[in-house]
Amino acid sequence: MKRLFKKAAAGLLATTMVLSMGLTALAHTEMENMVFAGYDLTDPANPNRIYNEVIDGMYTNKQVLVPVTPEWKIEGYESVYPYAGYSRMYLDGKAQNVTCYNNLTPQWETRRQDYMWEIAGDHIIWERQQTKIDNKTWAWDFGNEYFNIPDSALLTRTVRKAEVLELKWTEYGFGKYDLEGNILNGKKSTDEQEEVVEMYEYFGMDVKAIDEWERVVSEELTVDKLSERNAYNLYEVTDAEIAAMIPVVYNKNITAKFDKKGNEGLATKNVAEEYLEHADDNWAWDADSLIVKNDAKISWTAPAYEMAEPYKQYQFLVVNGVVFDGSEDENGNVKERIVRYTGGCANPEIRWAFWGYELAKDENGDFFENVYEVVEFKIVDGVVARDENGNLILRKPTGEYGKTYFKVVGDDVEYWVVDKAGNACLLEVYKNYAGNILNPAKPDSYTSVSYNYAG
97 MKRLFKKAAA GLLATTMVLS MGLTALAHTE MENMVFAGYD LTDPANPNRI YNEVIDGMYT
157 NKQVLVPVTP EWKIEGYESV YPYAGYSRMY LDGKAQNVTC YNNLTPQWET RRQDYMWEIA
217 GDHIIWERQQ TKIDNKTWAW DFGNEYFNIP DSALLTRTVR KAEVLELKWT EYGFGKYDLE
277 GNILNGKKST DEQEEVVEMY EYFGMDVKAI DEWERVVSEE LTVDKLSERN AYNLYEVTDA
337 EIAAMIPVVY NKNITAKFDK KGNEGLATKN VAEEYLEHAD DNWAWDADSL IVKNDAKISW
397 TAPAYEMAEP YKQYQFLVVN GVVFDGSEDE NGNVKERIVR YTGGCANPEI RWAFWGYELA
457 KDENGDFFEN VYEVVEFKIV DGVVARDENG NLILRKPTGE YGKTYFKVVG DDVEYWVVDK
517 AGNACLLEVY KNYAGNILNP AKPDSYTSVS YNYAG
């Protein structure tokens, strides 16, 4: 800043001298009209006072810098290891927002304390250094990149084992699904679900759970096998057998503390959560962190029935509360449709309602001219019936035909069809001629006749 300032000041001085020539010199000090503006700390090792010249209340475009000697006062220690001492700059007795390390270190007490226990293996305990801040409060010490202190210098692996209180596995999902029934490896899976799939691959769950689920669904949980019945008219494939087929993924949870006395280090660690957070930290993991059990909770939806005769009743499989009815999960992936027939048939109330008309055909499949059959759509228990493709279920009742008739409306001739119930449909519209007819006997000649004027 000072080099630029001096260059600008030199140019200003030359201009001032030219403008001043011929004027009567008046005695004054260099700083007589200078007003203090603050401190120049652009080069903190060489601070300056900044002055602006003000004459008659107006800036004159002149500024000067006056070096000032800083005073450094010891202020304290940083709040992170190694708690380096620092001093603060004071200019003219005023504290500035400038500090520097002063090579002082506090003489505070340190110690090693049990810090954590490993998730894998024998759950070995690690110690970390602590410092007694201001000789009052103990704090954990961590590495400091600025001072080239690695964290490993403060963290030490012992040979002591944690006291394990409980090992248990909690349900994490089943097959390719999480607990909420969302597909982990679907086309629209979230980043979080993709991380879970990577974890499954690490622990072999991609084969033991995901691939096995796909095999079971395609080979064992077919509608034919699930609907098959034995000599007692009971299902050949029981719920217990279905449960034994389905791979349920369980996640390890470890509760431990540092020793048998007290509760120091007491924690319960969910291994899946720890893996998803520290998979890239080169931690060790037990092979049984994720395991498969074949103990799914199996149930079925209440019987429903098909919309087509004979209205066969069916049920959808429910696994651990997830219904497999071919619906979408929250990410737009479609679940499997796993269904069985109960062997029963419903007795719904059936109604047919008018839908429209279709041209009738003879035995050769040729259309009759102007003969229209009535078409109706099916209503089952008050619900419009559709087939497995979502199309309306239609029929042509025997002997139900519409009768056609013409109707003149304005300049239009309308061709309608109506059945005995009064359901009418407009089939065609013909335009009546409107305009001047010169020769009714030969209407086709009107466009070609020409007239020569005579007389």
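Residues in the sequence shown are numbered from 97 upward in steps of one, following the working numbering. Ideal Cβ placement from N, Cα and C applies to all residues, glycine included. In this text the structure is predicted, and so the values were computed from the model without any measurement.
**Q.** Residue interval of the alpha helix (DSSP H) (run including D320)
**A.** 319–323
Q: Examine chain D for any beta-carbon lying closer than 7 Å to the beta-carbon of T500, and answer yes or no.
A: Absent from the structure: chain D. Only one protein chain is present.
Q) Which residue or residues does DSSP assign as beta-bridge partners of I446? A) V476
Q. Rounded C-beta distance between F354 and D210? I'm assuming under 8 Å.
A. 5 Å
Q: Please check the pair N198 and G172, which I expect to be a contact at CB under 8 Å, by giving their CB distance rounded to whole angstroms.
A: Contact flag wrong, Cβ pair sits at about 10 Å.
Q.
If you reduce the DSSP assignment to three classes, tell me which class A180 lands in.
A. coil
**Q.** First and last residue of the uninterrupted beta strand (DSSP E) at E360
**A.** No beta strand (DSSP E) holds E360; DSSP gives it neither H nor E.
(Q) Using 8 Å for Cβ pairs, my map puts V344 next to K389. What's the rounded Cβ distance? (A) 5 Å
Q: With a 10 Å radius around its C-beta and 16 neighbouring C-beta atoms as the bar for buried, classify F420 as buried or exposed.
A: buried
Q) Would DSSP call I434 helix, strand or coil? A) coil
Q. What's the call for F132, buried or exposed, on a 16-neighbour Cβ count within 10 Å?
A. exposed
Q: Helix, strand or coil for F243, going by three-state DSSP, please let me know.
A: helix
Q. Roughly how many angstroms lie between the CA atoms of L455 and I434, to the nearest whole one?
A. 41 Å
Q.
According to DSSP, F412 sits in a beta bridge with which residue or residues?
A. V435
Q: Give the straight-line distance between the Cα atoms of N532 and V525, rounded to the nearest whole angstrom.
A: 22 Å
Q: Find out if the Cβ-Cβ distance for the pair N443, G282 is shorter than 7 Å.
A: no
Q) Does the Cβ of W309 have 16 or more other Cβ atoms within 10 Å, making it buried, or fewer, making it exposed? A) buried
Q: Would you check if the distance between the CB atom of N427 and the CB atom of N278 is smaller than 7 Å?
A: yes
Q: Give the single residue among Y328, V319, K408, Q289 whose Cα lies nearest to the Cα of L372.
A: Q289
Q. Where does L330 fall in DSSP's three states?
A. coil
Q.
Tell me whether the region 294–305 and the region 445–454 touch, counting them as touching only if at least three CB pairs, one residue from each stretch, are closer than 8 Å.
A. no
Q. Is it true that the region 328–344 meets the region 390–400, where meeting means three or more beta-carbon pairs spaced less than 8 Å apart?
A. yes
Q. Which residues share a DSSP beta bridge with R482?
A. L488
Q) DSSP on G531, reduced to helix/strand/coil? A) coil
Q | Same chain only: Cβ atoms within 8 Å of A380, ignoring 5 sequence neighbours per side | A | E214, I215, A216, G217
Q: Would you identify the three-state DSSP class for M117, choosing helix, strand or coil?
A: Since pLDDT at M117 reaches only 45, below the 50 mark, its modelled position is unreliable, and the value read off the structure follows with that caveat. Three-state result, M117: coil.
Q.
Here's the rule I'm using: 16 or more other beta-carbon atoms within 10 Å means buried, otherwise exposed. How should D237 be labelled?
A. buried
(Q) So, with DSSP's three-state summary, where would you put M295? (A) helix
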